[in-house]
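Let me begin by presenting the structure, written as structure tokens, before commenting on it.
Residue numbers (my numbering): 3 to 276.
Here is the structure:
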């Protein structure tokens, strides 16, 4: 009496529509193109407009938690750049850098993306996330946005740690990665629109990078590494107006989310034993 709804997906191999629950793609024969139904789950999670909000909420939640862990730190103003400094406890647990890396705490490459040093730091970064996030979601898609943001942040902190910065934190590496991805989009798309994107956002990245040299405590290697990571991801991932997000795109984004959650759990376990 009632027909079962048949859902279709884009096969990650051939880019053609096929049944989500098919044992193999009807066009190219790829095994399990729908990833045992995980595609629908990821598609519902990575909705357009949701990723920017989730990243914003996560940054705010981690910042509030850092103050709760060290409430006395919130009462020690240190000038404009040090207003409401992050607690020492949170920095020791979540911050990345050469010291955590040498201690084997690889997960800080992910947790440090969402940790910020002071009120001005988080407000400035959230302003750029809210500005660039919707553009990335439109140009690449929400799932690819997650991958770009995560990869850029990790590459930025790897570069900073390799240079020897003892501790580093913040989403600015990921933000430069978003700029890098838009530059990659402009170059790949070409034409009047693509060239305009390339010039405009390339100039944004250059101005921000130069301006950072007049501000104390800025991690320039994280910025440069993040830009390179986002640029590379922008060239590797498909752009939205040429190919819809595939099950592979959703799987990569899901892996980024899972490993980030795991990183926070490992940080809590290593610090507090639970």
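Using N, Cα and C, we set each Cβ at its ideal position, and we do this for glycine too.
Query, Result
"Starting from residue 104, trace the alpha helix (DSSP H) both ways and give me its first and last residue.", "100-104"
"In or out: residue 247 buried (at least 16 other Cβ within 10 Å) or exposed?", "buried"
"Indicate whether the contact test is met: 3 or more Cβ pairs, each with one atom in the region 116-125 and one in the region 199-214, closer than 8 Å.", "no"
"Can the beta-carbon of residue 242 be found less than 8 Å from the beta-carbon of residue 170?", "no"
"Under the assumption that residue 158 contacts residue 135 (Cβ atoms under 8 Å), give the Cβ distance between them as a whole number of angstroms.", "The pair is not a contact, with the Cβ atoms about 17 Å apart (cut-off 8 Å)."
"Within 10 angstroms of its Cβ, does residue 107 collect 16 or more other Cβ (buried), or is it exposed?", "buried"
"Let's see if you can read the secondary structure: which residues bound the alpha helix (DSSP H) around residue 214?", "Careful: residue 214 lies outside any alpha helix (DSSP H) and carries neither H nor E."
"Since residue 163 is in the alpha helix (DSSP H), which residue starts that stretch and which ends it?", "144-165"
"May I ask which residues mark the beginning and end of the alpha helix (DSSP H) holding residue 191?", "174-191"
"Does the beta-carbon distance from residue 109 to residue 268 come in below 8 Å?", "yes"
"Using the C-alpha atoms, what's the distance from residue 111 back to residue 161?", "11 Å"
"Using the Cβ count rule (16 or more neighbours within 10 Å means buried), how would you classify residue 199?", "buried"
"In whole angstroms, what is the alpha-carbon distance linking residue 177 and residue 96?", "19 Å"
"Would you kindly work out how many angstroms separate the C-alpha atoms of residue 127 and residue 193, rounded to a whole number?", "31 Å"
"Provide the residue span of the alpha helix (DSSP H) that contains residue 222, from first to last.", "222-238"
"Can you check DSSP and say which residues form a bridge with residue 170?", "98"
"With residue 151 and residue 57 assumed to form a contact (beta carbons below 8 Å), what rounded beta-carbon distance in angstroms separates them?", "7 Å"
"Applying the 10 Å Cβ sphere with the 16-neighbour rule, what's the burial state of residue 166?", "exposed"
"Give me the Cβ distance between residue 183 and residue 236, rounded to the nearest whole Å; I'm assuming they're in contact under 8 Å.", "4 Å"
"Would you please state the rounded distance, in angstroms, between the beta carbons of residue 67 and residue 145? I believe it to be under 8 Å.", "Actually they are not in contact, since the Cβ atoms of residue 67 and residue 145 sit about 27 Å apart, beyond 8 Å."
"On a CA-only basis, which of 274, 55, 185, 263 is nearest residue 208? Give me that one, please.", "185"
"For residue 117, name the three-state secondary structure that DSSP assigns.", "coil"
"With distances taken from CA atoms, which of 249, 72, 98, 222 is nearest residue 143?", "249"
"Do residue 179 and residue 219 come within 8 Å of each other at the CB atom, strictly closer than that value?", "no"
"Can you give me the start and stop residues for the alpha helix (DSSP H) that residue 362 sits inside?", "A question about residue 362 goes unanswered here, because the residues of the chain that appear run from 3 up to 276."
"Please identify the residue among 203, 196, 234 whose C-alpha is closest to the C-alpha of residue 133.", "203"
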